[in-house]
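Chemist: Have a look at this one.
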């Protein structure tokens, strides 16, 4: 019953992540977005869709997106919210990230910023902020 309730609750709060067609189409300039591994999203979507049969992911491993030597993204994210077959990461909104943190722990957060044309500008890893993540982080 716990898996059923957890899947139903996650689906309620994170519905747009389950159904990609409900997600925004474009990023907004100078608004922080989060990158998370596409593998997590695919595993999570499967577990929410089949919450009685599939095990849910344990944790969001964002450090897998970062170069260990430079602490920067290994690959530039796409400016839209839809991951392609070649994508390593998925862009999610602040609300989606905070809702995911209600259900999962993350080893770090990775902010991504885009210019007015939707082209990736930079990322800011927040390795030590996850246990203390609050809305004030967004006031940077």
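Residue numbers (the numbering used here): 2 to 141.
Yeah, the Cβ is synthetic: ideal placement off N, Cα and C, and Gly gets one too.
Inspect the beta-carbon positions of residue 78 and residue 90 and report whether they are closer than 8 angstroms.
Modeler: Here the question's residue 78 lines up with position 77 in the chain shown. Here the question's residue 90 lines up with position 89 in the chain shown. Yes.
Chemist: Going by other Cβ atoms of all chains shown within 10 Å of its Cβ, with 16 needed for buried, is residue 37 buried or exposed?
Modeler: Start at 1 with the first residue of the chain shown, and residue 37 comes out as number 36. Buried is the call here.
Chemist: Throw me the rounded Cβ distance for the residue 107 and residue 63 pair, which I believe falls under 8 angstroms.
Modeler: Numbered from 1 along the chain shown, position 106 holds the residue referred to as residue 107. Numbered from 1 along the chain shown, position 62 holds the residue referred to as residue 63. Between residue 63 and residue 107 the Cβ distance is about 6 angstroms, and since that is below 8 angstroms, they are a contact.
Chemist: Residue 101 and residue 61 - do their beta-carbons sit closer together than 8 angstroms?
Modeler: In the chain shown, residue 61 corresponds to position 60, counting from 1. In the chain shown, residue 101 corresponds to position 100, counting from 1. The Cβ atoms of residue 61 and residue 101 lie closer than 8 angstroms to each other.
Chemist: Specify the secondary structure class of residue 99 as computed by DSSP and reduced to three states.
Modeler: For the purposes of this step, residue 99 is taken as the residue at position 98 of the chain shown. DSSP places residue 99 in helix when its eight states are reduced to three.
Chemist: Expressed to the nearest angstrom, what Euclidean distance is found between the alpha-carbon atoms of residue 9 and residue 110?
Modeler: By 1-based counting over the chain shown, the position of residue 9 is 8. By 1-based counting over the chain shown, the position of residue 110 is 109. Residue 9 and residue 110 have their C-alpha atoms spaced approximately 25 angstroms apart.
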